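As structure tokens, the structure follows; a few thoughts come after it.
In UniProt numbering, the protein residues as written are 1 to 181.
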């Protein structure tokens with residue numbers, strides 16, 4: 001347990017067996033409402049994670065650590081995955097507004113990491129495309145972040161990494177659904 005989490009022990013630290021309950025009752029249904037203690041621990045650990053992630057910027061290891069902010073990383077990653085994309089489509093896919101994308105992509109265009117061209121179907125709109133330089137830079141940052149994730153999970157099994165990644169992906173998807181609905 002972390003120092004910050006001592007006030008909120010994890011369910012593994014609880015006095016009762018989570019599978020059988022206090023009186024040997026059968027385990028709860030998989031979709032039963034979680035207990036208050038579990039939710040308190042969960043929200044506390046998410047808050048601690050968010051603070052630590054911001055403090056350390058979780059930007060990787062080595063010379064590229066902290067050299068690309070979160071907005072740039074997410075924009076470049078999205079453009080790398082999806083290919084040339086219009087501002088509106090990029091904003092919708094990221095769950096942010098078009099003006100935010102325009103503001104955040106401007107320094108990426110200025111630094112040559114993103115190319116901005118007129119949309120061939122609508123000359124008023126623009127299409128954003130990651131440049132070769134942007135792809136190279138993104139890969140440098142990804143390598144650095146992979147090293148960090150390896151270090152942070154060096155005592156985990158591969159199954160634990162897979163499970164954590166799946167649960168974190170599911171958690172982020174739940175947040176996105178809540179924000180969009």
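All C-beta atoms, glycine included, are put in the ideal place defined by N, C-alpha and C. Source: prediction; values computed, not measured.
In the DSSP assignment, residue 96 falls outside any alpha helix (DSSP H) and carries neither an H nor an E. Secondary structure of residue 152 (DSSP, three-state): helix. In the three-state reduction of the DSSP assignment, residue 147 falls in the helix class. Going by C-alpha positions, residue 155 is about 43 Å away from residue 116. Minimum Cα-Cα distance from residue 87 among the listed residues 75, 101 and 81 corresponds to 101.
DSSP, reduced to helix, strand and coil, places residue 32 outside both helices and strands of the structure shown, so it counts as coil.
Counting along the chain, residue 118 sits inside no alpha helix (DSSP H); it lies in the beta strand (DSSP E) bounded by residues 114-118. DSSP lists 114 as the beta-bridge partner residues of residue 130. Annotation: residue 124 is outside any alpha helix (DSSP H) and is labelled neither H nor E by DSSP. Residue environment: residue 179 is assigned as exposed (fewer than 16 neighbouring CB atoms within 10 Å of its CB, all protein chains considered). Of all C-beta pairs linking the segment 81-96 to the segment 46-54, fewer than three are shorter than 8 Å, placing the two stretches out of contact.
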